[in-house]
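Data first, discussion second: the structure below is written as C-alpha coordinates.
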Amino acid sequence: MPLSLTRKYLFISLSFLFIIPLISLTETKVQADNPLSASLASKVKDIITPGEAKKDYQAQLVGQSHGELRIKENEEVRVWVDFKNVGKKTWYNSGDREFIALNTDKAQDRESAFRSAGWEYKFNTKTYRPGRMSHGIVAPGDTGRFYITLKAPDKIGKYDENFKLVSEWKEWVAGGEVMIKITVDPKNIAPLPKKQGDNIEVGLYKPENNTDPISISGDGEFKIYDAKNNLIAIYHKNEVVTVRYSNSKYYLEAPAVRDGAYNPKAWHKEVGSFIKFKSKNTLQILNLEDRPSWNIAFNYNRFRGSLTIRHAEKTGNTWVINELPMEQYLRGIHELSDYHPEQMQKVFAVAQRSFAQDIVNQGGKYKNGHFDVTNTTADQVYRGYNFELQAPKLVKAAIDTAGEMVYYQNQVVSTPYFAHSDGRTKNSEDVWSQKLPWLRSVKDPCCTNLSMSGHGVGMSAQGVKYFSQKGWDYKKILKYYYQDIGIKNLY
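Take the sequence shown: its position 343, counting from 1, is numbered 341 in the working numbering, and each next residue is one higher.
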(Lines of atoms letter the chains of each structure in order from A and count residues from 1; the text may use other names and numbers.)
(Lines give C-alpha, C1' and ligand atoms only; values in the text may rest on other atoms or scores of the structure.)
Protein backbone atom coordinates (compact mmCIF):
# COMPACT_ATOMS: atom_id res chain seq x y z
CA MET A 1 0.00 0.00 0.00
CA PRO A 2 1.61 3.31 -0.98
CA LEU A 3 2.82 5.69 1.72
CA SER A 4 0.78 8.80 2.36
CA LEU A 5 2.28 12.18 1.38
CA THR A 6 2.72 13.14 5.05
CA ARG A 7 4.59 9.91 5.84
CA LYS A 8 6.88 10.49 2.79
CA TYR A 9 7.92 13.93 4.09
CA LEU A 10 8.48 12.46 7.53
CA PHE A 11 10.76 9.74 6.11
CA ILE A 12 12.81 12.28 4.08
CA SER A 13 13.23 14.56 7.08
CA LEU A 14 14.42 11.72 9.30
CA SER A 15 16.87 10.64 6.61
CA PHE A 16 18.55 14.10 6.58
CA LEU A 17 18.90 13.98 10.35
CA PHE A 18 21.12 10.92 9.92
CA ILE A 19 22.90 11.94 6.70
CA ILE A 20 24.16 15.41 7.79
CA PRO A 21 25.91 14.17 10.99
CA LEU A 22 27.38 11.32 8.92
CA ILE A 23 28.89 13.83 6.44
CA SER A 24 30.26 15.87 9.32
CA LEU A 25 31.88 12.82 10.89
CA THR A 26 33.29 11.79 7.50
CA GLU A 27 34.78 15.27 6.99
CA THR A 28 36.47 15.18 10.40
CA LYS A 29 37.82 11.69 9.74
CA VAL A 30 39.31 12.47 6.31
CA GLN A 31 40.88 15.69 7.62
CA ALA A 32 42.64 13.73 10.30
CA ASP A 33 43.74 10.91 8.00
CA ASN A 34 44.41 12.69 4.72
CA PRO A 35 44.99 16.46 4.32
CA LEU A 36 44.36 16.22 0.58
CA SER A 37 40.99 14.56 1.14
CA ALA A 38 40.15 17.27 3.67
CA SER A 39 39.83 19.80 0.87
CA LEU A 40 37.35 17.50 -0.88
CA ALA A 41 35.29 17.24 2.28
CA SER A 42 35.25 21.01 2.46
CA LYS A 43 33.84 21.14 -1.08
CA VAL A 44 31.12 18.64 -0.12
CA LYS A 45 30.20 20.92 2.77
CA ASP A 46 29.99 23.90 0.39
CA ILE A 47 27.61 21.93 -1.85
CA ILE A 48 25.38 21.06 1.10
CA THR A 49 25.27 24.64 2.36
CA PRO A 50 25.04 26.79 -0.78
CA GLY A 51 25.18 30.57 -0.29
CA GLU A 52 27.27 30.27 2.89
CA ALA A 53 28.73 33.65 3.99
CA LYS A 54 32.35 34.40 3.08
CA LYS A 55 35.10 33.30 5.47
CA ASP A 56 35.63 35.15 8.74
CA TYR A 57 39.14 36.29 7.78
CA GLN A 58 39.92 37.50 4.27
CA ALA A 59 42.37 40.15 3.08
CA GLN A 60 43.34 42.06 -0.03
CA LEU A 61 46.83 43.49 -0.57
CA VAL A 62 46.38 47.19 -1.40
CA GLY A 63 49.89 48.63 -0.99
CA GLN A 64 53.47 48.01 0.05
CA SER A 65 56.51 50.23 0.55
CA HIS A 66 58.87 47.93 -1.34
CA GLY A 67 58.09 45.33 -3.98
CA GLU A 68 61.82 45.14 -4.56
CA LEU A 69 64.55 46.07 -2.10
CA ARG A 70 68.32 46.46 -2.36
CA ILE A 71 70.32 46.48 0.87
CA LYS A 72 73.81 45.77 2.14
CA GLU A 73 74.99 42.74 4.09
CA ASN A 74 73.80 42.98 7.71
CA GLU A 75 71.95 46.21 6.94
CA GLU A 76 68.59 46.62 8.64
CA VAL A 77 65.51 48.25 7.09
CA ARG A 78 61.82 48.53 7.89
CA VAL A 79 59.18 47.96 5.22
CA TRP A 80 55.42 48.06 5.37
CA VAL A 81 52.47 46.39 3.66
CA ASP A 82 48.80 47.41 3.67
CA PHE A 83 45.95 44.89 3.66
CA LYS A 84 42.27 45.68 3.38
CA ASN A 85 39.95 43.65 5.60
CA VAL A 86 37.51 42.08 3.12
CA GLY A 87 36.30 39.39 5.53
CA LYS A 88 33.40 39.57 7.97
CA LYS A 89 35.37 39.72 11.25
CA THR A 90 37.13 42.71 12.79
CA TRP A 91 40.93 42.51 13.04
CA TYR A 92 42.79 43.20 16.30
CA ASN A 93 46.51 43.56 16.92
CA SER A 94 46.42 42.07 20.42
CA GLY A 95 44.51 39.50 22.43
CA ASP A 96 44.86 35.92 23.54
CA ARG A 97 43.84 34.15 20.34
CA GLU A 98 42.26 36.20 17.56
CA PHE A 99 44.82 38.92 16.82
CA ILE A 100 46.14 39.35 13.26
CA ALA A 101 49.87 38.96 12.59
CA LEU A 102 52.20 38.62 9.63
CA ASN A 103 54.18 35.38 9.56
CA THR A 104 56.68 33.86 7.14
CA ASP A 105 55.28 31.82 4.27
CA LYS A 106 56.51 29.33 1.63
CA ALA A 107 57.14 27.33 3.72
CA GLN A 108 54.74 28.53 6.39
CA ASP A 109 56.35 29.69 9.64
CA ARG A 110 59.83 28.97 8.31
CA GLU A 111 62.96 30.46 9.84
CA SER A 112 63.88 33.53 7.77
CA ALA A 113 67.38 34.63 6.78
CA PHE A 114 66.09 38.19 7.27
CA ARG A 115 65.03 37.80 10.91
CA SER A 116 65.84 40.84 13.03
CA ALA A 117 66.02 41.19 16.80
CA GLY A 118 62.59 42.84 16.84
CA TRP A 119 60.67 39.77 15.62
CA GLU A 120 58.38 38.13 18.15
CA TYR A 121 58.96 34.54 19.15
CA LYS A 122 55.98 32.13 18.97
CA PHE A 123 56.41 29.77 21.89
CA ASN A 124 53.71 27.36 20.70
CA THR A 125 55.40 26.61 17.37
CA LYS A 126 58.98 27.68 18.19
CA THR A 127 59.06 30.05 15.24
CA TYR A 128 59.40 33.80 14.74
CA ARG A 129 56.69 36.30 13.88
CA PRO A 130 57.87 39.28 11.76
CA GLY A 131 55.19 41.70 12.91
CA ARG A 132 51.72 42.43 14.16
CA MET A 133 49.26 44.90 12.71
CA SER A 134 50.18 48.46 13.66
CA HIS A 135 46.54 49.57 14.05
CA GLY A 136 44.66 48.48 17.16
CA ILE A 137 41.43 47.60 15.38
CA VAL A 138 40.56 47.28 11.69
CA ALA A 139 36.90 46.73 10.90
CA PRO A 140 35.68 45.03 7.70
CA GLY A 141 36.21 47.43 4.80
CA ASP A 142 39.10 49.26 6.50
CA THR A 143 42.84 48.91 5.89
CA GLY A 144 45.56 47.82 8.31
CA ARG A 145 49.30 48.41 8.03
CA PHE A 146 51.96 45.86 8.97
CA TYR A 147 55.60 46.81 9.53
CA ILE A 148 58.42 44.30 9.05
CA THR A 149 62.00 44.98 10.13
CA LEU A 150 64.33 43.03 7.86
CA LYS A 151 67.98 42.42 8.62
CA ALA A 152 70.04 41.29 5.65
CA PRO A 153 72.14 38.15 6.06
CA ASP A 154 75.91 38.23 5.57
CA LYS A 155 75.52 36.26 2.35
CA ILE A 156 75.10 38.31 -0.83
CA GLY A 157 72.57 37.23 -3.45
CA LYS A 158 68.94 37.51 -4.56
CA TYR A 159 66.08 36.41 -2.34
CA ASP A 160 62.30 36.14 -2.49
CA GLU A 161 60.83 36.71 0.97
CA ASN A 162 57.21 35.59 1.40
CA PHE A 163 54.86 36.54 4.20
CA LYS A 164 51.22 35.79 4.98
CA LEU A 165 48.60 37.05 7.41
CA VAL A 166 47.41 34.70 10.09
CA SER A 167 44.66 34.90 12.66
CA GLU A 168 46.60 33.49 15.58
CA TRP A 169 45.42 30.08 16.78
CA LYS A 170 42.76 30.21 14.10
CA GLU A 171 43.64 30.15 10.42
CA TRP A 172 45.75 31.60 7.65
CA VAL A 173 44.00 34.60 6.13
CA ALA A 174 42.87 34.10 2.55
CA GLY A 175 44.38 36.76 0.26
CA GLY A 176 46.90 37.79 2.90
CA GLU A 177 50.04 36.90 0.93
CA VAL A 178 52.86 39.29 0.00
CA MET A 179 56.32 38.83 -1.52
CA ILE A 180 59.35 41.14 -1.48
CA LYS A 181 62.26 40.61 -3.88
CA ILE A 182 65.50 41.43 -2.06
CA THR A 183 69.02 41.85 -3.40
CA VAL A 184 71.79 41.74 -0.80
CA ASP A 185 74.96 43.56 -1.88
CA PRO A 186 78.38 43.47 -0.21
CA LYS A 187 78.66 46.22 2.39
CA ASN A 188 82.22 47.26 1.40
CA ILE A 189 83.08 48.84 4.74
CA ALA A 190 86.63 50.18 4.67
CA PRO A 191 88.94 48.80 7.38
CA LEU A 192 89.64 50.95 10.40
CA PRO A 193 93.08 52.54 10.82
CA LYS A 194 95.47 50.97 13.33
CA LYS A 195 95.46 54.12 15.45
CA GLN A 196 91.96 55.32 16.22
CA GLY A 197 92.52 58.01 18.83
CA ASP A 198 90.98 58.61 22.22
CA ASN A 199 87.61 57.23 23.18
CA ILE A 200 84.60 59.53 23.17
CA GLU A 201 81.33 58.95 25.05
CA VAL A 202 78.12 59.95 23.28
CA GLY A 203 74.75 60.32 25.02
CA LEU A 204 72.44 58.53 22.59
CA TYR A 205 69.09 57.87 24.16
CA LYS A 206 67.06 58.31 27.31
CA PRO A 207 63.56 56.89 27.82
CA GLU A 208 60.68 59.27 28.49
CA ASN A 209 60.25 57.68 31.89
CA ASN A 210 63.54 56.83 33.61
CA THR A 211 62.17 53.51 34.82
CA ASP A 212 61.05 52.38 31.35
CA PRO A 213 62.87 49.28 30.08
CA ILE A 214 65.68 49.64 27.53
CA SER A 215 66.21 46.75 25.12
CA ILE A 216 69.63 45.96 23.63
CA SER A 217 70.61 43.39 21.02
CA GLY A 218 73.68 42.59 18.92
CA ASP A 219 74.72 41.63 15.42
CA GLY A 220 76.88 38.90 16.91
CA GLU A 221 77.83 37.60 20.33
CA PHE A 222 77.74 40.30 23.01
CA LYS A 223 78.71 40.41 26.67
CA ILE A 224 77.36 42.28 29.68
CA TYR A 225 79.56 43.71 32.44
CA ASP A 226 79.02 45.66 35.64
CA ALA A 227 80.82 48.89 36.58
CA LYS A 228 83.84 46.96 37.88
CA ASN A 229 84.14 45.09 34.59
CA ASN A 230 82.87 41.81 36.06
CA LEU A 231 81.25 39.60 33.43
CA ILE A 232 77.55 39.13 34.06
CA ALA A 233 76.41 37.17 31.01
CA ILE A 234 77.07 36.30 27.36
CA TYR A 235 74.38 36.41 24.66
CA HIS A 236 74.06 35.48 21.02
CA LYS A 237 73.21 37.31 17.82
CA ASN A 238 69.69 38.83 17.76
CA GLU A 239 68.95 37.91 21.36
CA VAL A 240 67.40 40.74 23.32
CA VAL A 241 68.31 41.82 26.85
CA THR A 242 66.17 44.34 28.70
CA VAL A 243 67.50 46.68 31.39
CA ARG A 244 65.37 48.78 33.72
CA TYR A 245 66.57 51.26 36.36
CA SER A 246 64.66 51.71 39.61
CA ASN A 247 65.58 52.75 43.16
CA SER A 248 69.34 52.84 42.56
CA LYS A 249 69.41 49.39 40.98
CA TYR A 250 69.50 47.98 37.47
CA TYR A 251 67.21 45.05 36.65
CA LEU A 252 68.20 42.79 33.77
CA GLU A 253 65.84 40.41 32.05
CA ALA A 254 67.38 37.56 30.08
CA PRO A 255 65.89 36.53 26.73
CA ALA A 256 63.08 34.02 26.70
CA VAL A 257 64.56 32.57 23.51
CA ARG A 258 67.97 30.95 23.11
CA ASP A 259 69.27 29.32 19.94
CA GLY A 260 65.84 29.53 18.35
CA ALA A 261 64.09 27.68 21.19
CA TYR A 262 62.09 28.77 24.22
CA ASN A 263 64.25 29.22 27.29
CA PRO A 264 62.18 28.19 30.33
CA LYS A 265 64.96 29.40 32.66
CA ALA A 266 64.84 33.00 31.48
CA TRP A 267 66.25 34.86 34.46
CA HIS A 268 66.06 38.24 36.08
CA LYS A 269 69.13 39.76 37.66
CA GLU A 270 69.54 42.72 39.97
CA VAL A 271 72.76 44.76 39.74
CA GLY A 272 73.82 47.63 41.97
CA SER A 273 75.96 49.42 39.37
CA PHE A 274 75.54 50.65 35.83
CA ILE A 275 75.54 48.08 33.01
CA LYS A 276 77.86 47.93 29.99
CA PHE A 277 77.30 45.95 26.78
CA LYS A 278 80.36 45.03 24.70
CA SER A 279 80.71 43.32 21.33
CA LYS A 280 83.15 42.86 18.49
CA ASN A 281 80.16 43.51 16.24
CA THR A 282 77.63 46.32 16.39
CA LEU A 283 75.03 46.77 19.12
CA GLN A 284 71.45 47.89 18.68
CA ILE A 285 69.06 49.97 20.81
CA LEU A 286 65.64 48.56 19.97
CA ASN A 287 63.81 51.44 21.69
CA LEU A 288 65.54 54.09 19.59
CA GLU A 289 63.55 55.37 16.59
CA ASP A 290 65.70 57.73 14.50
CA ARG A 291 64.54 57.46 10.89
CA PRO A 292 65.48 59.85 8.07
CA SER A 293 62.49 61.62 6.52
CA TRP A 294 63.70 60.73 3.02
CA ASN A 295 63.49 56.99 3.75
CA ILE A 296 61.86 55.75 6.94
CA ALA A 297 62.92 52.21 6.06
CA PHE A 298 66.24 52.97 7.78
CA ASN A 299 66.64 53.39 11.52
CA TYR A 300 69.85 54.83 12.94
CA ASN A 301 69.94 52.63 16.03
CA ARG A 302 73.06 50.46 15.57
CA PHE A 303 76.45 51.44 16.93
CA ARG A 304 80.08 50.42 17.08
CA GLY A 305 81.87 50.26 20.42
CA SER A 306 80.13 49.65 23.74
CA LEU A 307 76.75 50.74 25.13
CA THR A 308 76.43 51.72 28.78
CA ILE A 309 73.10 52.11 30.54
CA ARG A 310 73.65 54.53 33.39
CA HIS A 311 71.45 56.65 35.64
CA ALA A 312 72.77 60.15 36.33
CA GLU A 313 71.81 61.08 39.88
CA LYS A 314 72.45 64.81 39.37
CA THR A 315 70.13 65.11 36.39
CA GLY A 316 67.71 62.30 37.21
CA ASN A 317 68.01 60.85 33.72
CA THR A 318 68.86 57.32 32.63
CA TRP A 319 70.99 57.30 29.47
CA VAL A 320 72.30 54.88 26.90
CA ILE A 321 75.89 56.01 26.29
CA ASN A 322 77.97 54.92 23.31
CA GLU A 323 81.71 54.73 23.99
CA LEU A 324 83.97 54.27 20.97
CA PRO A 325 87.29 55.44 19.48
CA MET A 326 87.39 58.82 17.76
CA GLU A 327 87.88 57.41 14.24
CA GLN A 328 84.85 55.16 14.62
CA TYR A 329 82.81 58.10 15.91
CA LEU A 330 83.78 60.20 12.86
CA ARG A 331 82.27 57.62 10.49
CA GLY A 332 78.83 57.98 12.04
CA ILE A 333 78.59 61.80 11.96
CA HIS A 334 75.81 62.98 9.65
CA GLU A 335 76.50 66.66 9.02
CA LEU A 336 77.10 66.15 5.28
CA SER A 337 75.97 63.68 2.65
CA ASP A 338 77.95 61.48 0.29
CA TYR A 339 77.13 63.91 -2.55
CA HIS A 340 79.11 66.89 -1.26
CA PRO A 341 82.49 67.73 -2.89
CA GLU A 342 85.48 65.66 -1.82
CA GLN A 343 87.48 68.57 -0.39
CA MET A 344 84.43 69.73 1.55
CA GLN A 345 84.11 66.26 3.08
CA LYS A 346 87.77 66.39 4.16
CA VAL A 347 87.34 69.88 5.65
CA PHE A 348 84.48 68.63 7.78
CA ALA A 349 86.26 65.43 8.79
CA VAL A 350 89.15 67.47 10.25
CA ALA A 351 86.85 70.05 11.85
CA GLN A 352 84.55 67.43 13.38
CA ARG A 353 87.50 65.49 14.79
CA SER A 354 89.02 68.65 16.29
CA PHE A 355 85.68 69.77 17.73
CA ALA A 356 85.18 66.42 19.47
CA GLN A 357 88.79 66.08 20.66
CA ASP A 358 88.69 69.52 22.27
CA ILE A 359 85.64 68.48 24.30
CA VAL A 360 87.28 65.19 25.33
CA ASN A 361 90.44 67.07 26.39
CA GLN A 362 88.31 69.27 28.64
CA GLY A 363 86.79 66.26 30.38
CA GLY A 364 83.49 66.24 28.52
CA LYS A 365 80.67 68.68 28.04
CA TYR A 366 78.05 66.79 30.07
CA LYS A 367 79.86 65.73 33.22
CA ASN A 368 76.62 65.43 35.21
CA GLY A 369 75.34 62.94 32.64
CA HIS A 370 78.63 60.97 32.49
CA PHE A 371 79.26 61.54 28.76
CA ASP A 372 81.15 63.95 26.51
CA VAL A 373 78.70 64.93 23.77
CA THR A 374 75.15 64.25 22.63
CA ASN A 375 74.20 62.93 19.20
CA THR A 376 72.21 66.09 18.34
CA THR A 377 72.76 69.49 16.74
CA ALA A 378 73.74 70.79 20.18
CA ASP A 379 77.07 69.09 19.43
CA GLN A 380 77.42 67.03 16.24
CA VAL A 381 74.70 64.95 14.61
CA TYR A 382 75.86 61.36 15.14
CA ARG A 383 73.87 58.44 13.76
CA GLY A 384 76.23 55.52 14.07
CA TYR A 385 76.80 52.42 12.00
CA ASN A 386 73.73 52.46 9.76
CA PHE A 387 74.67 55.90 8.46
CA GLU A 388 78.22 54.67 7.90
CA LEU A 389 76.83 51.99 5.57
CA GLN A 390 75.13 54.70 3.52
CA ALA A 391 78.09 57.09 3.27
CA PRO A 392 81.22 55.37 1.90
CA LYS A 393 82.64 58.65 0.55
CA LEU A 394 82.41 60.34 3.94
CA VAL A 395 84.09 57.28 5.44
CA LYS A 396 86.90 57.66 2.89
CA ALA A 397 87.31 61.35 3.84
CA ALA A 398 87.71 60.31 7.48
CA ILE A 399 90.30 57.69 6.47
CA ASP A 400 92.21 60.10 4.24
CA THR A 401 92.49 62.62 7.09
CA ALA A 402 92.79 60.12 9.97
CA GLY A 403 94.29 61.75 13.05
CA GLU A 404 94.44 65.25 11.52
CA MET A 405 93.25 68.08 13.78
CA VAL A 406 93.30 71.86 13.97
CA TYR A 407 95.66 73.29 16.59
CA TYR A 408 96.57 76.76 17.80
CA GLN A 409 99.86 77.24 19.66
CA ASN A 410 100.35 73.45 19.86
CA GLN A 411 96.92 72.81 21.36
CA VAL A 412 93.89 71.20 19.70
CA VAL A 413 91.14 73.81 19.59
CA SER A 414 87.40 73.95 19.11
CA THR A 415 86.29 74.29 15.48
CA PRO A 416 82.64 75.41 15.41
CA TYR A 417 80.74 75.49 12.15
CA PHE A 418 77.28 76.48 10.96
CA ALA A 419 75.06 76.51 7.83
CA HIS A 420 75.73 79.89 6.21
CA SER A 421 76.47 83.51 7.07
CA ASP A 422 75.09 86.83 5.85
CA GLY A 423 78.31 87.56 4.01
CA ARG A 424 80.68 87.55 6.96
CA THR A 425 81.37 85.19 9.88
CA LYS A 426 81.36 86.48 13.47
CA ASN A 427 84.03 86.87 16.14
CA SER A 428 83.67 84.42 19.02
CA GLU A 429 83.02 87.25 21.53
CA ASP A 430 80.15 88.54 19.37
CA VAL A 431 78.21 85.42 20.23
CA TRP A 432 79.89 83.90 23.27
CA SER A 433 81.65 85.52 26.20
CA GLN A 434 85.18 84.40 25.34
CA LYS A 435 87.49 85.99 22.78
CA LEU A 436 89.35 83.24 20.91
CA PRO A 437 92.16 84.32 18.55
CA TRP A 438 91.54 81.69 15.86
CA LEU A 439 87.80 82.50 15.66
CA ARG A 440 87.93 85.88 13.91
CA SER A 441 85.39 87.36 11.52
CA VAL A 442 86.17 86.74 7.83
CA LYS A 443 84.39 87.47 4.57
CA ASP A 444 82.06 84.76 3.30
CA PRO A 445 81.66 85.79 -0.34
CA CYS A 446 79.06 83.25 -1.46
CA CYS A 447 76.68 84.23 1.35
CA THR A 448 76.47 87.98 0.71
CA ASN A 449 72.76 88.01 -0.13
CA LEU A 450 71.73 85.49 2.52
CA SER A 451 70.57 85.89 6.10
CA MET A 452 72.54 84.28 8.91
CA SER A 453 71.69 80.63 9.59
CA GLY A 454 73.33 79.33 12.76
CA HIS A 455 75.55 80.99 15.34
CA GLY A 456 77.86 82.45 12.69
CA VAL A 457 81.18 81.64 14.42
CA GLY A 458 83.92 79.68 12.67
CA MET A 459 83.24 77.90 9.43
CA SER A 460 80.30 78.34 7.04
CA ALA A 461 79.20 75.11 5.33
CA GLN A 462 77.95 77.08 2.33
CA GLY A 463 81.27 78.86 2.12
CA VAL A 464 83.24 75.61 2.35
CA LYS A 465 81.23 74.20 -0.53
CA TYR A 466 81.88 77.37 -2.57
CA PHE A 467 85.65 77.27 -2.03
CA SER A 468 85.75 73.50 -2.71
CA GLN A 469 84.08 74.07 -6.06
CA LYS A 470 86.61 76.82 -6.83
CA GLY A 471 89.40 74.25 -6.44
CA TRP A 472 90.72 75.04 -2.95
CA ASP A 473 92.05 72.03 -1.02
CA TYR A 474 90.79 71.23 2.46
CA LYS A 475 93.79 72.63 4.35
CA LYS A 476 93.56 75.99 2.59
CA ILE A 477 89.85 76.22 3.41
CA LEU A 478 90.42 75.38 7.08
CA LYS A 479 93.17 77.99 7.38
CA TYR A 480 90.89 80.60 5.82
CA TYR A 481 88.06 80.18 8.31
CA TYR A 482 90.21 79.44 11.39
CA GLN A 483 92.89 82.12 11.68
CA ASP A 484 96.60 81.39 12.37
CA ILE A 485 96.04 77.67 12.90
CA GLY A 486 98.06 74.61 11.96
CA ILE A 487 96.93 71.13 10.96
CA LYS A 488 98.68 68.17 12.54
CA ASN A 489 98.29 64.42 12.52
CA LEU A 490 98.15 63.75 16.25
CA TYR A 491 98.17 59.93 16.14
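Glycine is no exception: its CB is placed at the ideal position from the N, C-alpha and C atoms. Owing to the predicted nature of the structure, the values given are computational and were not obtained by experimental measurement.
Residue 453 and residue 414 look like a contact to me (Cβ under 8 Å); what is the Cβ gap, rounded to whole Å?
In the sequence shown, residue 453 corresponds to position 455, counting from 1. In the sequence shown, residue 414 corresponds to position 416, counting from 1. Correct: roughly 7 Å between the Cβ atoms.
Please classify residue 97: does DSSP put it in a helix, a strand, or coil?
Position 99 of the sequence shown holds residue 97. If DSSP states are grouped into helix, strand and coil, residue 97 belongs with coil.
Indicate the three-state DSSP secondary structure (helix, strand or coil) for residue 298 in the structure shown.
Working through the sequence shown from its first residue, we reach residue 298 at position 300. Correct three-state label for residue 298: coil.
Could you check whether the segment 398 to 412 touches the segment 350 to 358, counting it as contact only if at least three pairs of C-beta atoms, one from each stretch, sit closer than 8 Å?
yes
Measuring only the C-alpha atoms, how far is residue 148 from residue 55?
Residue mapping note: residue 148 aligns to position 150 of the sequence shown, counting from 1. Residue mapping note: residue 55 aligns to position 57 of the sequence shown, counting from 1. Roughly 26 Å between the two C-alpha positions.
Give me the residue from 135, 159, 81, 94 with the minimum Cα distance to residue 112.
Looking up residue 112 in the sequence shown gives position 114. Of 135, 159, 81, 94, the residue nearest in Cα terms is 159.
Which residue wins for smallest C-alpha separation from residue 96, given the options 103, 87, 102, 104?
In the sequence shown, counting from the first residue as 1, residue 96 sits at position 98. The option with the nearest alpha carbon to residue 96 is 87.
So what does DSSP say about residue 79, is it helix, strand or coil?
The residue you call residue 79 lines up with position 81 of the sequence shown. Strand, per DSSP.
Residue 322 and residue 350 closer than 9 Å at C-beta
Within the sequence shown, the letter at position 324 stands for residue 322. Within the sequence shown, the letter at position 352 stands for residue 350. It is not a contact, given that the beta carbons lie outside the stated cut-off.
Using the rule of at least 16 other Cβ atoms within 10 Å of the residue's Cβ for burial, across every protein chain shown, is residue 129 buried or exposed?
Walking along the sequence shown from the start, residue 129 turns up at place 131. Buried is the call here.
DSSP-derived helix/strand/coil call for residue 465
Looking up residue 465 in the sequence shown gives position 467. Of the three classes helix, strand and coil, the one that applies to residue 465 here is helix, per DSSP.
Inter-stretch contact (C-beta, 8 Å, three-pair minimum) for the segment 373 to 383 and the segment 330 to 339:
yes
Thinking just about the alpha-carbon of each residue, which of 84, 71, 66 is nearest to the one in residue 60?
Translated into the one-based positions of the sequence shown, residue 60 becomes position 62. Selected option, being the one with the closest Cα: 84.
Take the Cβ of residue 476 as the centre, count every other Cβ of all protein chains shown within 10 Å, and call the residue buried at 16 or more, exposed below.
Within the sequence shown, residue 476 is the residue found at index 478, counting from 1. By the 10 Å Cβ count, residue 476 comes out buried.
Using the rule of at least 16 other Cβ atoms within 10 Å of the residue's Cβ for burial, across every protein chain shown, is residue 121 buried or exposed?
One-based indexing of the sequence shown puts residue 121 at position 123. Flag for residue 121 reads exposed.
Keeping to the same chain, check which residues put their C-beta closer than 6 Å to that of residue 175; ignore five residues upstream and five downstream.
As a working note, residue 175 is residue 177 in the sequence shown. Excluding positions up to five away in sequence, the list reads 162.
Put residue 48 into one of helix, strand or coil per three-state DSSP.
Residue numbering aside, residue 48 sits at position 50 when the sequence shown is read from its first letter. A caution first: residue 48 carries a pLDDT of 36, below 50, which makes its placement in the model unreliable, though a value can still be read off. It is coil, neither helix nor strand.
So which of 195, 246, 307, 341 has the shortest CA-CA distance to residue 489?
Counting from 1 along the sequence shown, the entry for residue 489 is found at position 491. Here the closest residue by C-alpha is 195.
Confirm, please, whether the CB-CB distance from residue 298 to residue 416 is below 9 Å.
By 1-based counting over the sequence shown, the position of residue 416 is 418. By 1-based counting over the sequence shown, the position of residue 298 is 300. No, the pair does not count as a contact, with Cβ atoms beyond the cut-off.
Determine whether the beta carbon atoms of residue 409 and residue 440 lie at a separation below 9 Å.
Numbered from its first residue, the sequence shown carries residue 409 at position 411. Numbered from its first residue, the sequence shown carries residue 440 at position 442. Contact flag unset, no.
Where does residue 246 sit, in a helix, a strand or coil, going by DSSP?
Sequence index remark: in the sequence shown, residue 246 carries index 248 (1-based). Of the three classes helix, strand and coil, the one that applies to residue 246 here is coil, per DSSP.
What runs of the alpha helix (DSSP H), each 4 residues or longer, lie entirely inside the segment 306 to 334?
324 to 329
Helix, strand or coil for residue 106 per DSSP?
Here residue 106 corresponds to residue number 108 of the sequence shown, with the count starting at 1. Residue state, collapsed to three classes: coil.
Option in 77, 171, 208, 324 with minimal Cα separation from residue 150:
The residue given as residue 150 occupies position 152 in the sequence shown. Measuring from the Cα of residue 150, the nearest candidate turns out to be 77.
Closest Cα partner of residue 490 within the set 146, 217, 137, 92:
What is shown of the chain runs -1 to 489, which leaves residue 490 out entirely.
From residue 213 to residue 206, what distance separates their C-alpha atoms?
Taking the sequence shown and counting its residues from 1, one reaches residue 213 at position 215. Taking the sequence shown and counting its residues from 1, one reaches residue 206 at position 208. Roughly 14 Å between the two C-alpha positions.
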